[in-house]
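Please read the structure below before turning to the comments.
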Amino acid sequence: MITAAALCPSPPLLAREVTGRDPVVPELRQACAEAVGRLVRCEPDVIVVVGPAPVTARWPAGRRLDLSAFAPHAASADMPDGAGAPEVASAHHLASAASALASDQPRPPDGHPPLPLPLGLGARLLDQAGYAGPRLLEAVGYDEPAAGCVALGEQIAASGGRVGLLIMADGSARRGPRAPGYLDERAAAFDAAVEDAVRDGDLGALLGIDPVLAGELLAAGRPAWQVLAGAAPERPPGAEILYSDDPFGVAYLVAWIPGQGRRPGSDPRT
Amino acid sequence: MSGEVTGPGELRLGRRAFGPRQRLVMAIVNRTPDSFYDRGSTWDEAAAMDRVHQVVAENADIVDIGGVPAAPGSVVDVGEEIRRTVPFVAAVRSAHPDVVISVDTWRHEPARELCAAGADLINDTWGGWDQRLAEVAAEYGVGLVCSHAGGLPPRTRPHRVAYDDVVADVLSRTLAAASRAVRMGVDPARVLIDPAHDFGKNTWHSLEVTRRLGELVATGWPVLVSLSNKDFVGETLNAALGERVTGTLAATAVSAWLGARVFRAHQVRETRQVLDMVSAILGELPPARTVRGLA
Chain A
1 MITAAALCPS PPLLAREVTG RDPVVPELRQ ACAEAVGRLV RCEPDVIVVV GPAPVTARWP
61 AGRRLDLSAF APHAASADMP DGAGAPEVAS AHHLASAASA LASDQPRPPD GHPPLPLPLG
121 LGARLLDQAG YAGPRLLEAV GYDEPAAGCV ALGEQIAASG GRVGLLIMAD GSARRGPRAP
181 GYLDERAAAF DAAVEDAVRD GDLGALLGID PVLAGELLAA GRPAWQVLAG AAPERPPGAE
241 ILYSDDPFGV AYLVAWIPGQ GRRPGSDPRT
Chain B
271 MSGEVTGPGE LRLGRRAFGP RQRLVMAIVN RTPDSFYDRG STWDEAAAMD RVHQVVAENA
331 DIVDIGGVPA APGSVVDVGE EIRRTVPFVA AVRSAHPDVV ISVDTWRHEP ARELCAAGAD
391 LINDTWGGWD QRLAEVAAEY GVGLVCSHAG GLPPRTRPHR VAYDDVVADV LSRTLAAASR
451 AVRMGVDPAR VLIDPAHDFG KNTWHSLEVT RRLGELVATG WPVLVSLSNK DFVGETLNAA
511 LGERVTGTLA ATAVSAWLGA RVFRAHQVRE TRQVLDMVSA ILGELPPART VRGLA
């Protein structure tokens, strides 16, 4: 049962050390910390981090973010932790992910495939919030169809106990002439529809997102939103938007989606 | 280093030959209304020709003429690119028969027309997106710049680009392109490699490439760098577009020290002075005139 969900974007610049001497987006980091802090204070039995990646796969929970590929020579607070290639949990192995996984994962020189950025940033947010409980790192494939995302979400929700969700997802990167993806006139309406669905608690509407359009708009978060929709299709009104802006032409949305299953007497917002 | 170069490390461009210790200035002349730095200052043909006269007078070794900005924006199709650049290159060739002309294009159709009009070097900054450039260079006996853009399509910006080792990627792509060019018949003495700062790279990557430029130089291919007023300078110093000359010249000095040979620049005079100073410090160029303490 999904006890609550936090939604955060996953740009590399969410990591303080990659923006150089200027913090650049302290308010974005603060909003993410607020959302994740509330999630942690719900005291879930497990927190599942969900983020897009080349293939759908579960990553070892001990893995951490390595930013050296984005910012060589920058000081890094997190070093990759220990072992291993990602496992593909057969419970949600929906495409030919296993064989794809073996051949497609990039292999850095030390032999470890790099942890997908959204999962790494999510793991870091949990660490920074002081979370020491159980966690799962679930990558959902960029091309995972909606049905697959829904199934993954349902499995996460049904996995027993009180599950907290940390959804790492980005909107369009084509928000203006200076955006990384330049301007696509369709981006604003696309991102507004996602925000409305989240705010209004109508997560089922996220299932209607056209993956082709999302791809054209460089909205990498599409599969992660659809996992959210599969895990928690109907939320009571009260989703709170903590941040919604595109300072660099990429749509960042931070949201807190409370739900049933809080421990009696606790309010994670205090 | 591959194959049959006439003198050790000689770089041939047009009718000129440059030894390995000669550092060259490639002067930027944009035939665009909207390039990031000059913003149309040489869009007018007369203004552009004035700029050519000026940079030649400032001892630029190469004049680099381009008709399409690197940033995304209004489409410039092949026909428009040809219109902007080919008659102009012919006019420059006519006015300055011996100057080395390079053409900043990634497409083979304009490249062919530009070579026919007198260009000596195809300066492709988009990493060989159009593989037929090497054919054109071979056909016309001109040079080719083999650059690294990380696989990015032309006129796109890097978005969360990541490299396990950016310099390894630069080496791998540029060396493969250089070898291929020679196999296609381009004179190996007319091939350069260029890490293409900021193309498919963020500021960290561009700084790393600069820091490790020696690894590119060690390949033996002449290294071209295009640093001028770029965003990696702006982001390093928090400097707006018009305030990046000092940072550019610092990066120029470091790159020259590390062995780069061609420097694509907006500020020709200042760049020439930096290169001469570095060459003198390295002992590769005598100072201009020394009398003090020697009389």
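The listed protein sequences derive, respectively, from chains A and B. Sequential numbering from 1 applies to the first sequence in our numbering. Sequential numbering from 271 applies to the second sequence in our numbering. Yeah, the Cβ is synthetic: ideal placement off N, Cα and C, and Gly gets one too. Bear in mind the structure is a predicted one, so any value in this text is a computation, not a measurement.
Throw me the rounded Cβ distance for the residue 31 (chain A) and residue 227 (chain A) pair, which I believe falls under 8 Å. Going by Cβ atoms, the distance from residue 31 (chain A) to residue 227 (chain A) rounds to 21 Å, so no, they are not a contact pair.
Residue 56 (chain A) burial status per 10 Å Cβ neighbour count (16 or more: buried): The Cβ neighbour count for residue 56 (chain A), taken over all protein chains shown within 10 Å, is at least 16; the residue is labelled buried.
Got a sec: which bits of the segment 61-75 of chain A sit with their beta carbon under 7 Å from any beta carbon on chain B, in order along the chain? Flagged, chain order: 69, 70, 71, 72, 73 and 74.
Taking all protein chains shown into account, do 16 or more other C-beta atoms lie within 10 angstroms of the C-beta of residue 223 (chain A), making it buried, or fewer, making it exposed? So residue 223 (chain A) counts as buried.
How close, in whole Å, do the beta carbons of residue 503 (chain B) and residue 475 (chain B) come, if the pair is a contact with beta carbons under 8 Å? In fact, because the Cβ distance is near 14 Å, the residues do not count as touching under 8 Å.
Decide if the segment 243-258 of chain A is in contact with the segment 2-19 of chain A; the criterion is three or more beta carbon pairs, one per stretch, under 8 Å apart. Cβ pair count under 8 Å is three or more, so yes.
Cutting at 8 Å between CB atoms, please list the residues of its own chain near residue 370 (chain B), excluding the five before and the five after it. These residues qualify, in order along the chain: 283, 284, 286, 331, 332, 333, 390 and 391.
Is the Cβ of residue 272 (chain B) closer than 7 Å to any Cβ of chain A? Note on residue 272 (chain B): pLDDT 42, under 50, position unreliable in the model; no value is reported.
Own chain, CB closer than 7 Å to residue 361 (chain B), minus 5 neighbours either side, in chain order: Beyond the five residues adjoining it in sequence on each side, residue 361 (chain B) comes within less than 7 Å, by CB distance, of 319 in the same chain, given in chain order.
Please list the terminal residues of the continuous beta strand (DSSP E) segment that includes residue 415 (chain B). Looking at the DSSP string, the run of the beta strand (DSSP E) that includes residue 415 (chain B) is 413-417.
What residues from chain A crowd round residue 323 (chain B), counting only those whose CB sits closer than 8 Å? The premise fails here: residue 323 (chain B) is roughly 34 Å from chain A at the closest Cβ pair, so nothing lies under 8 Å.
Nearest to residue 426 (chain B) by CA position, among B:470, B:547, B:325 and B:434, is which residue? Of B:470, B:547, B:325 and B:434, the residue nearest in Cα terms is B:470.
Per DSSP, which one or two residues make a beta bridge with residue 141 (chain A)? DSSP, once it has assigned bridges, lists A:53 as partnering residue 141 (chain A).
State yes or no: is the C-beta of residue 376 (chain B) within less than 7 Å of the C-beta of residue 347 (chain B)? Between residue 376 (chain B) and residue 347 (chain B), the CB-CB gap reaches or exceeds 7 Å.
Which runs of the beta strand (DSSP E) at least 3 residues long sit entirely within the segment 347-419 of chain B? Give them in chain order. The beta strand (DSSP E) runs lying completely inside the segment 347-419 of chain B and spanning 3 residues or more are 370-374, 391-393 and 413-417, given in chain order.
For residue 252 (chain A) and chain B, any beta-carbon pair shorter than 7 Å? No, residue 252 (chain A) does not count as interfacial toward chain B.
So is residue 432 (chain B) in contact with chain A if we call contact Cβ pairs under 7 Å? Yes, residue 432 (chain B) lies at the interface with chain A (some Cβ there is under 7 Å from its Cβ).
Output the boundary residues of the alpha helix (DSSP H) element that contains residue 453 (chain B). First-last of the alpha helix (DSSP H) with residue 453 (chain B): 436-453.
Check: residue 310 (chain B) C-beta below 6 Å from any heavy atom of the ligand MG: The ligand MG is not among the ligands present in this structure, which contains no ligands whatsoever.
Between the segment 183-212 of chain A and chain B, which residues of the former have CB atoms less than 7 Å from a CB of the latter, in chain order? Cβ contacts with chain B: none found.
How is the beta strand (DSSP E) around residue 168 (chain A) delimited, first residue to last? Under the DSSP assignment, residue 168 (chain A) falls in the beta strand (DSSP E) whose first and last residues are 163-168.
Going along the segment 213-224 of chain A in order, which residues come within less than 8 Å of chain B, judged by CB to CB distance? Under the 8 Å Cβ criterion, the segment 213-224 of chain A contributes 218.
In the segment 329-342 of chain B, which residues sit with their C-beta less than 7 Å from some C-beta in chain A, listed in chain order? Answer set for the segment 329-342 of chain B: 342.
Under 7 Å Cβ to Cβ from residue 304 (chain B), same chain only, skipping five residues before and after it: list those, please. Closer than 7 Å at Cβ, skipping near neighbours: 310, 339 and 343.
Within a Cβ cutoff of 7 Å, which residues of the same chain sit near residue 70 (chain A), ignoring the five residues on either side of it in sequence? Correct list, in chain order: 12 and 18.
Report yes if the C-beta distance between residue 466 (chain B) and residue 417 (chain B) is below 7 Å; otherwise report no. Going by beta carbons, residue 466 (chain B) and residue 417 (chain B) fall inside the 7 Å limit.
Could you work out which residues of chain A lie near residue 436 (chain B), taking near to mean beta carbons separated by less than 8 Å? In chain order: 72.
With distances taken Cα to Cα, identify the nearest neighbour of residue 462 (chain B) among B:414, B:353, B:300 and B:525. With distances taken between Cα atoms, residue 462 (chain B) lies closest to B:414.
Check distances from the C-beta atoms of the segment 166-180 of chain A to those of chain B and list, in chain order, the residues that come in under 7 Å. Correct list: 173 and 180.
In chain order, each alpha helix (DSSP H) run of at least 4 residues that lies wholly inside the segment 6-66 of chain A: Listed in chain order, they are 26-41.
To which residues does DSSP link residue 296 (chain B) through a beta bridge? Answer is B:332 and B:534, bridged to residue 296 (chain B).
DSSP beta-bridge partners of residue 546 (chain B): None, per the DSSP bridge assignment.
Under a Cβ-count criterion, where at least 16 other Cβ atoms within 10 Å of its own Cβ denotes burial, should residue 51 (chain A) be classed as buried or exposed? Here residue 51 (chain A) is buried. Its C-beta has 16 or more other C-beta atoms within 10 Å.
Flag residue 482 (chain B) as yes if its beta-carbon sits less than 7 Å from any beta-carbon of chain A, otherwise no. No, because no Cβ of chain A sits closer than 7 Å to the Cβ of residue 482 (chain B).
Identify, in the order they occur along the chain, each residue of the same chain with its Cβ nearer than 7 Å to the Cβ of residue 20 (chain A), setting aside the five sequence neighbours on each side. Excluding sequence positions up to five before and after residue 20 (chain A), its CB lies less than 7 Å from no other CB in the same chain.
Hey, residue 14 (chain A) and residue 126 (chain A) are a contact pair by Cβ (cut 8 Å); roughly how many whole angstroms apart? Actually they do not touch by this definition, with Cβ atoms about 13 Å apart.
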